[in-house]
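Chains A and B, in that order, give the protein sequences.
Just so we're aligned: 286 in UniProt numbering is position 286 of the first sequence, and the numbers increase by one with no gaps anywhere.
Just so we're aligned: 187 in UniProt numbering is position 187 of the second sequence, and the numbers increase by one with no gaps anywhere.
Where is the CB? At the ideal position from N, CA and C, for every residue including glycine.
There are 2 protein chains.
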Amino acid sequence: MAQKDKKKHSTSLRERLRLPGGEPLDLSRHDAAATPGGPDGKTAGRAATARIGERLAALQERLWAASTAGDRRRVLLVLQGMDTSGKGGTVKHVIGLLNPSGCRITPFKAPTAEERAHPFLWRVEKALPLPGELGIFDRSHYEDVLIARVRGLAPATEINRRYEQINRFEKSLADTGTTLIKCFLHISYEEQRRRLLKRLDEPEKHWKFAASDIDDRALWPAYQEAYEIAMERCGTSYAPWYLVPADRKWYRNWAVSTLLLEHLEELDPRYPEADFDVAEFRKRLLGQS
Amino acid sequence: MAQKDKKKHSTSLRERLRLPGGEPLDLSRHDAAATPGGPDGKTAGRAATARIGERLAALQERLWAASTAGDRRRVLLVLQGMDTSGKGGTVKHVIGLLNPSGCRITPFKAPTAEERAHPFLWRVEKALPLPGELGIFDRSHYEDVLIARVRGLAPATEINRRYEQINRFEKSLADTGTTLIKCFLHISYEEQRRRLLKRLDEPEKHWKFAASDIDDRALWPAYQEAYEIAMERCGTSYAPWYLVPADRKWYRNWAVSTLLLEHLEELDPRYPEADFDVAEFRKRLLGQS
């Protein structure tokens, strides 16, 4: 029993949820309602997430503090998933646990005319986190190989080129101090139906509903395939993809916050040492009438 | 007694903390440790702020939802105050109660070379909130009549011109749907000493300390005067200044969240009506195999 417990704790969530990359992926074989490594149910999950939030906030402050003394490290959380998979909910419930000052959140919508006139990574580069910050992408450059592929928004040869462009881009981010945490929020086709129905049945949720959600849903298999290809081709050692089962919201929040925590703990940012004479300033301060 | 209670509740915090504008202000006559209209002490204050946070988050969602249907309204919270007055703490503890997605936070540091080459409002305009958003300025365009005045960073005639430029700018924001909430976090000279000492005495706070804090502190009277002039000349009906006593952090957080709440309640944003045929989409959704 002790052995089993030990084994359980020695497996990080990163290891559990990380997709291998470089090999074919079949999303239909991954249970979207699973709770791998997670707490025992909703109540325990929410409590655990709140506790993780306190540790995250403390590490976030250290990351920021370290940046004021020249530490160039930063974190970029990429959230992808089908409509209703909970990207917005994750920002609200997980990023909401942090100090908003240090979070740079960017939602990527359909590109504007100006953005379309530039290479697809242009708008992404402008949204990158600065040293000490946590960047959060609600959708990302992956849309350019997801919706772009499914809806034929670019020629196939161009789409194919983009996977390698993304890998080079992410390699360069990793090389210059960015820890990438790419999460695919995996929901089932039936769970999406339930969530869309809820948006229709509750007048206060009507504003969240878009007719295009139904059109995209009709393309579910094509989107799943596009995700499989993207995560196969852009799942790398320096920027792996994590598959987060997301039918259960409490698990999704716990899992994303745990992934953030494990990465920040590994970064282990430190408060910088004083680069001034503390005693001298103390004296001056007490001397001011 | 019943009469007294009624009177107490009928006075909004806006009315209590609002500076008249247009007339001379003497900050030394305002007690920075006061708690006007506030809860009875720290414990009650923190609990009240948490409850206000839930109401704020609900109103924030409505403001955002309304913007998706064309409502152009937005809110801009301007935080000003001496070093250590708690601008950052207010962002962490008050804005931290909200959904970070809808918050656009901008800290204004010493202007860059590019920013200095433009008119002083240029960088401010780029940071304005979009419809449905809550913008937060941690320092603001007021620095251009505060530090700029105290340290002589611009000629006196130019500084004098800026008050009117600010008023015109803010009038135009108000006219186009921005609710401005300008808060001066008022701390005492002694409280600033205590907070700076704390930053020196706790190694984990050393990174927050800057030698320039002590230099600025030596100019305390000049800064107080610059604030008095700014709040006299830029306290207007469309963009009033609120004086928030800030020696007690729990009161400061309660007061700023209450000011936000009162303004959002007055805006009373509404969830938009569905602009699509709910029954039709329901049928299509259930029809998808």
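Do residue i and residue j have their CB atoms nearer than 8 Å?
i	j	result
B/PRO100	A/CYS103	yes
A/TYR227	A/LEU146	yes
B/PHE108	B/ASP83	no
B/LYS182	B/PRO240	yes
B/LEU77	B/ILE166	no
B/LEU243	B/LEU13	no
A/LEU264	A/LEU59	yes
A/PRO24	A/GLU232	yes
A/ARG194	A/THR35	no
B/THR178	B/GLY21	no
B/GLY45	B/TYR251	yes
B/ASP144	B/PHE169	no
A/ALA230	A/HIS186	no
B/ILE214	A/PHE281	yes
Should residue i go down as buried or exposed, given a rule of 16 or more other Cβ atoms within 10 Å for buried?
i	result
residue 291 of chain B	Nothing can be reported for residue 291 of chain B: it is not among the residues displayed for chain B, which extend from 1 to 289.
A/ALA156	exposed
A/ALA2	Per-residue confidence for A/ALA2 stands at a pLDDT of 43, beneath the threshold of 50, marking its modelled position as unreliable; the derived number appears in the next sentence. The residue is exposed, with fewer than 16 neighbouring Cβ atoms inside 10 Å.
B/GLN80	buried
B/LYS208	buried
A/LYS283	exposed
A/SER289	exposed
A/GLY86	buried
B/PHE276	exposed
B/SER212	exposed
B/GLY38	buried
B/ARG199	buried
B/ARG62	buried
B/HIS118	exposed
A/THR90	buried
A/ARG162	buried
A/ALA279	exposed
B/ARG149	buried
A/ALA113	exposed
B/ALA47	exposed
Does any CB atom of chain A fall closer than 8 Å to the CB of residue i?
i	result
B/ALA211	yes
B/TYR242	no
B/CYS234	no
B/ILE187	no
B/GLY88	yes
B/LEU219	no
B/PRO269	no
B/ARG18	no
B/PHE281	yes
B/GLN80	no
B/LYS4	For B/LYS4, the predicted structure reports a pLDDT of 45, less than 50, and the residue's modelled location is therefore unreliable. The matter cannot be settled from this model.
B/GLY96	yes
B/TRP207	yes
B/ASP144	no
B/GLN224	no
B/LEU105	The sequence shown places Ile at residue 105 of chain B, not Leu. Answer yes: the Cβ-Cβ gap between B/ILE105 and chain A drops below 8 Å somewhere.
For a cutoff of 8 Å on Cβ pairs, would you count residue i as touching chain B?
i	result
A/ASN99	yes
A/PHE184	no
A/THR112	no
A/LEU196	yes
A/MET1	Only weak support exists for where A/MET1 lies, its pLDDT of 38 falling under 50; the coordinates are left without a value.
A/HIS141	no
A/PRO203	yes
A/PRO119	no
A/PRO129	no
A/LYS8	Only weak support exists for where A/LYS8 lies, its pLDDT of 48 falling under 50; the coordinates are left without a value.
A/LYS109	no
A/ALA32	no
A/PRO272	yes
### Secondary structure, alpha helix (DSSP H): runs of 4+ residues fully inside the region 128-208 of chain B
147-150, 156-175, 189-201
### Message
Could you tell me which whole beta strand (DSSP E) segments of length 3 or greater appear in the region 64-107 of chain B?
### Response
74-81, 103-107
### Query
Does the pairing of the region 202-210 of chain B with the region 258-270 of chain B give three or more beta-carbon distances under 8 Å?
Contact fails: fewer than three Cβ-Cβ distances are below 8 Å.
#### Entry: the region 18-36 of chain B contacting the region 57-73 of chain B, beta-carbon criterion three pairs below 8 Å
no
### Message
Measuring CB atoms only, is the region 215-232 of chain A touching the region 87-96 of chain A, in the sense that at least three cross pairs come out at less than 8 Å?
### Response
no
### Task
Kindly confirm or deny that the region 251-266 of chain B and the region 43-57 of chain B touch, where touching means at least three C-beta pairs closer than 8 Å.
Between the region 251-266 of chain B and the region 43-57 of chain B there are three or more inter-stretch CB-CB distances shorter than 8 Å, so the stretches are counted as touching.
### Message
In chain order, what are the residue ranges of uninterrupted beta strand (DSSP E) at least 3 long that sit wholly in the region 222-256 of chain B?
### Response
Considered as a whole, the region 222-256 of chain B harbours 241-245 as its complete beta strand (DSSP E) runs of no fewer than 3 residues, in chain order.
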